[in-house]
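Residue numbers (the working numbering), protein chains in the order written: chain A, 11 to 135; chain B, 165 to 505.
Written out as structure tokens, the structure reads:
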């Protein structure tokens, strides 16, 4: 009986520990802002931790199709200018908490925000 | 002494397996994702299941593009357009049949033969222009879904008529992927084909998927719907347009006038179980306008609507009460509910 009780207690302890571990492991890791990842043709070309930025960070991404000038600030990122014909990526404006990436289709460039604290799973429109 | 550890082993392994389950998150299946460029958009696929489920979905997208692309000269659609018809089979036949049904259901507000008009306005190439009245009248004579014949797997098109399945192909493809995943036992999956969303099952934690709807007047969200096993598709003139002499011309052509639709709606979101229905109806309802949308919804089942007018008024059909929640500046907007009665 005593042994059974010991094992029951041990199992309860392990369950409590695993519960605590899962809470710890699945809690958001970065503060508001998240990490912006820039992909060209599916390949990751640059990561910017938006929560670590204090000022502006401007950089150029060159693709086979052309050039995108990207501006990152604390908590947000946008395509400032691009030489693509449709300018859809520039018109999209700031990305700060959306699961929908900024896309420059002609240049096959995608900017995705991970850990931005989005309230929705995906977007339409 | 010796009996203790022997009996303890099953208990310990049980505890360990529980620990591992907790560590693997809410679902035993990991998220498999793919981002692909196809059908002139970016597509994102997420399935909680085996890797092959996503790989098969990617193949299905490319296969659909090979069949339905209007610009690829080797596609089934381009082949029909080049020769004025011909034999069709499989998915091409099935989608054509469904698309023609939707054209009839919407009394031609959706029309899969408007391609010559879309081309005349420059939306196929980006070389935008405003065609003259005579040119539009001539092109209108070449359009009309009701002149397309599809009998026993053979299509015949009138002289000068061109098919374009762009208004239904993504919804159809989303249905195909959802079918593949359900057959493979995927309990949770999210498909976003460039704004054409399909959800499979619920989220891994068992809750509904939340799909945000973009505000046609800003880059923010205007609202969100909570769904499971449902498609969510939005059409709006703000998505693609050009301006000339201060007039905005949107990419959705009204098949009756040959001109960009100007119905008073800024965006139309359709949700329901069938992706191809939602896809086709989002275009049709944008052309029909508010009153036409009400009539179409009252006469048919299988879908619900979120409508935003050019005056920023919001209408939802009654099936979305408690499902739609407004976001941002729309939280102070009155949400009007369209009812059956």
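Even glycine gets a Cβ: it sits at the ideal position worked out from N, Cα and C.
- Put simply, the backbone Cα of residue 345 of chain B is about 17 Å away from that of residue 391 of chain B.
- Linking residue 250 of chain B to residue 348 of chain B through their CA atoms gives a straight-line distance of about 35 Å.
- Put simply, the CB of residue 115 of chain A is near chain B, with a gap under 8 Å to one of its CB atoms.
- In this structure the segment 283-295 of chain B does not touch the segment 354-371 of chain B; the number of beta carbon pairs closer than 8 Å is below three.
- Per DSSP, residue 232 of chain B is one residue of the alpha helix (DSSP H) stretching across 215-232.
- Looking at the DSSP output, residue 269 of chain B sits in no beta bridge, so it has no partner there.
- Here residue 373 of chain B carries a strand assignment [DSSP, helix/strand/coil].
- For residue 103 of chain A, the chain B residues whose Cβ falls inside 9 Å of its Cβ are 382 and 383, in order along the chain.
- Put simply, the CB of residue 356 of chain B is near chain A, with a gap under 8 Å to one of its CB atoms.
- The three-state reading of DSSP puts residue 487 of chain B in coil, since its state is none of H, G, I, E or B.
- The beta carbons of residue 279 of chain B and residue 327 of chain B sit about 7 Å from each other, so the pair counts as a contact at 8 Å.
- For residue 464 of chain B, the number of other beta carbons within 10 angstroms of its own is below 16, and it is reported as exposed.
- The CB of residue 199 of chain B comes closer than 7 Å to the CB of 52 and 120 in chain A, given here in chain order.
- Nearest C-alpha to residue 122 of chain A among A:56, A:23 and A:28: A:56.
- Within the DSSP bridge table, the entry for residue 114 of chain A names A:119 as partners.
- Annotated three-state conformation of residue 464 of chain B is coil, per DSSP.
- At a beta-carbon threshold of 7 Å, none of the residues of chain B lie near residue 124 of chain A; the nearest stands roughly 12 Å away.
- Chain-ordered, the chain A residues with CB closer than 8 Å to the CB of residue 373 of chain B read 131 and 132.
- Inclusion of residue 397 of chain B and residue 434 of chain B in the CB contact set at 8 Å is warranted, their separation being smaller than that value.
- Note that the segment 110-118 of chain A touches the segment 196-209 of chain B; at least 3 beta-carbon pairs, one per stretch, sit closer than 8 Å.
- Within chain B, the residues whose beta carbon sits less than 9 Å from that of residue 96 of chain A are 290 and 404, listed in sequence order.
- For residue 335 of chain B, the enclosing alpha helix (DSSP H) begins and ends at 333-347.
- When the five nearest sequence neighbours on each side are left out, the beta carbons in the same chain lying within less than 7 Å of the beta carbon of residue 51 of chain A are those of 118, in order along the chain.
- In this structure, the straight-line span from the alpha carbon of residue 339 of chain B to that of residue 21 of chain A is close to 45 Å.
- With a cutoff of 8 Å on beta-carbon distance, residue 388 of chain B and residue 489 of chain B are scored as near each other.
- Look at residue 380 of chain B here: in three-state DSSP terms it is coil, with no helix or strand label.
- Contact annotation: residue 134 of chain A and residue 375 of chain B have beta-carbon atoms nearer than 8 Å.
- Closer than 8 Å to the CB of residue 44 of chain A there is not a single CB belonging to chain B.
- Non-local C-beta neighbours of residue 402 of chain B in its own chain, meaning closer than 8 Å and more than five positions away in sequence, comprise 380, 381, 414, 430 and 431, ordered along the chain.
- Residue 242 of chain B sits in a helix when the DSSP states are folded into three classes.
- For residue 297 of chain B, there is no enclosing beta strand (DSSP E); the enclosing alpha helix (DSSP H) covers residues 297-304.
- The DSSP assignment places complete alpha helix (DSSP H) segments of no fewer than 4 residues inside the segment 53-130 of chain A at 98-101, in order along the chain.
- In the three-state reduction of the DSSP assignment, residue 351 of chain B falls in the coil class.
- A Cβ of chain B is located within less than 8 Å of the beta carbon of residue 135 of chain A.
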